[in-house]
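Protein chains in written order, with the working numbering: chain A, -4 to 371; chain B, 159 to 449.
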């Protein structure tokens, strides 16, 4: 009996040791809310990346253990979940739900001195509103997206353009930014239209645009279903002006849900299919999961690899050392134009190179080649 | 002029969708007094049914559509059995089933949300993407298909209520539940059928609109609001009111967006303005019930 007890105690100790050996990384995602179409693939990228790292022996000889929580993109829930993850011993938190939810988590990570990063959120304010040295952002900023798209548009010498968006908060914000930048460049906006969430047609808006006869249309909407309505009306009315779209069209769902409607549309993206890192990632992901990854998977994959890289360089799981190492990041990942590296120079904590985005074009129903790189 | 006619076709098609949703509300509200906001989610369920049968399994359109609508009848019937009847039998106040049905709304949406990928899913057009010209009037095949089918449904519903004994028993329950029960009308059967019919109408609307707006888990609530507004405009008294309300709402929405000299962002407020004005000035809607 005593032997058995001793054996059990030893076994328990062993299990305990094993548990201590993992490095706990928290992930806050959105499984049911508005950000779900973006958060789910990104989270799959995180999980795939963690499995890949673990298969290669882990970090500092220890396996990564992901603690995944769902905040439904709600700021009122997200901070409590960040607290829960800190209490469970997470040494790093990856945030892949909506920007406002990520922002709210910072109240916890700043106070608990726990490193936190969003590999995907694009809101410009995340690293500027709060002076939180434990927070970084490696998704391309909204302002970078707009500047890149307009740099490409500038090369076309447009004089008169139309602008269309939806009534979502993000769609409105992007439209406002488009408008400001276009007007600053001396380009006249001859029609400005909004398609409301839940609309059943975009016919009136597209008719107005046709009547205004612009040289091009800028699309700032982010709601997939409403964007498809816009493309359908465009096709049905047989208008010909080219469409330049925000980053939203880089989501590959348009290849299936807008079949036959997207050929020739240019859009801004952070993903170049010809980049060697992307090719390697796509091959590995396909081999590991049997599925083709999207660009959104790349964000999560880069996120977990950036964290692993920082912990490796820190040489320990001490949060302060990880923070210092993270700030010194110099890493080439899947996302970004060829040769781009994530860096946080001069104390900045937004790490996506302003010249790292690209403009691509839909060829038939597929996201095709890169037409333009950076903001020049 | 061409713009005007083109827009008229598009607005009529949208109005028919709103009208079908309004009809779904009306079918349930007349005999029972219950407002069921889950109609939008029912439209969503049918749209996902369309995605499964027509996109995934590539069934022929008539067969797929018949199956989806039949399934929706079943969903409506089951909803009444599970969420409404037990409360009515226990003598709960009218608010209880309305709240229970709001619960059905949330549960339905969450089931769809966790069972399907998060992105909008494509549902095919029965006649493909194309344009039909009838003299000066032109529009997409789908617009004309929606209009034709909706008119058929409303004609059927009108005939049912005006010409059949079953329809009369619905009307009798609507006028006076107690008296109808005393006359030997089976109240629970009428209620069950009204929910089945409501789900059928809402499901048809969802299936018809889904090739345009795609099947996605957040599509229900806007449809529920548009249909409800159409119902308030048209009035709950008569079947034709639902269609009239839907058409008026859609024409107002689209013609104001096209021609009114106000910034495009403000036009979204128009339907809600309509809703408020009608509730204040004419809460019974345009068409009154026959005495």
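Beta carbons: idealized from backbone N, C-alpha and C, even for Gly.
- Around residue 227(A), the beta-carbon contacts reaching into chain B at under 7 Å are 370.
- Rounded to the nearest angstrom, the gap between the Cα atoms of residue 213(B) and residue 231(B) is 22 Å.
- For the stretch 250 to 266 of chain A, the beta-carbon criterion of a distance under 9 Å to any beta-carbon of chain B is satisfied by 251, 252, 253, 254, 255, 256.
- Counting C-beta atoms within 10 angstroms of its own C-beta, residue 222(B) has 16 or more neighbours from the protein chains shown and is therefore classed as buried.
- Short of 8 Å from the beta carbon of residue 163(B), and not among the five residues preceding or following it, lie these beta carbons of its own chain, in chain order: 294, 295, 296.
- Residue burial is scored here from C-beta neighbours: residue 188(A) has at least 16 other C-beta atoms within 10 angstroms and is therefore classed as buried.
- When DSSP states are grouped into helix, strand and coil, residue 347(B) belongs to the helix group.
- Taken through DSSP and simplified to helix, strand or coil, residue 25(A) comes out as coil.
- Interface annotation, residue 381(B): in contact with chain A, CB-CB separation under 9 Å.
- Pairing residue 259(B) with residue 305(B) gives a Cβ-Cβ distance that is not under 9 Å.
- Residue 332(B) is outside the set of residues whose beta carbon lies under 9 Å from a beta carbon in chain A.
- Take the alpha-carbon of residue 251(B) and the one of residue 353(B): they are about 19 Å apart.
- Taking a contact to require three or more Cβ pairs closer than 8 Å, the stretch 209 to 216 of chain A and the stretch 151 to 160 of chain A qualify as touching.
- Within the stretch 143 to 162 of chain A, those residues whose Cβ lies closer than 8 Å to any Cβ of chain B are, in chain order, 162.
- Within chain A, the residues placing a beta-carbon under 7 Å from that of residue 415(B) are 199, 200, ordered along the chain.
- In terms of CA proximity to residue 266(A), 334(A) leads the group 284(A), 334(A), 218(A).
- For residue 335(B), the enclosing alpha helix (DSSP H) has its first and last residue at 335 to 340.
- Distances from the alpha-carbon of residue 236(B) to those of 384(B), 395(B), 418(B), 347(B) put 347(B) closest.
- According to the DSSP assignment, residue 211(A) belongs to the beta strand (DSSP E) that extends over 211 to 214.
- Residue contact check for residue 365(B) against chain A: no CB pair falls below 9 Å.
- Under the criterion of beta carbons closer than 8 Å, residue 367(B) and residue 261(A) do not qualify as touching, at roughly 29 Å.
- In the three-state reduction of the DSSP assignment, residue 374(B) falls in the coil class.
- Around the beta carbon of residue 231(A), 16 or more other beta carbons sit within 10 angstroms, so the residue counts as buried.
- Residue 98(A) is classed as buried because its beta carbon has at least 16 other beta carbons within 10 Å across all chains shown.
- Fully contained in the stretch 81 to 148 of chain A are the following alpha helix (DSSP H) runs of length 4 or more, in chain order: 94 to 106.
- Of the candidates 172(A), 315(A), 245(A), 327(A), the residue whose Cα lies closest to the Cα of residue 271(A) is 327(A).
- Per DSSP, residue 438(B) is one residue of the alpha helix (DSSP H) stretching across 428 to 439.
- For residue 19(A), the three-state secondary structure derived from DSSP is strand.
- Your pair residue 170(A) and residue 158(A) checks out as a contact, with CB atoms roughly 6 Å apart and the cut at 8 Å.
- For residue 298(A), the closest Cβ of chain B is not nearer than 9 Å.
- By the criterion of a C-beta distance shorter than 7 Å, residue 217(B) is surrounded in its chain by 211, once the five residues flanking it on both sides are discounted.
- Counting along the chain, the unbroken alpha helix (DSSP H) around residue 219(B) starts and ends at 219 to 237.
- Our two residues, residue 18(A) and residue 268(B), have alpha carbons roughly 33 Å apart in a direct line.
- Nearest CB-CB separation between residue 59(A) and chain B: not below the 9 Å threshold.
- Neighbours of residue 188(A) across chain B, judged by C-beta separation under 7 Å: 422.
- Taking the Cα positions, residue 288(A) is about 7 Å away from residue 280(A).
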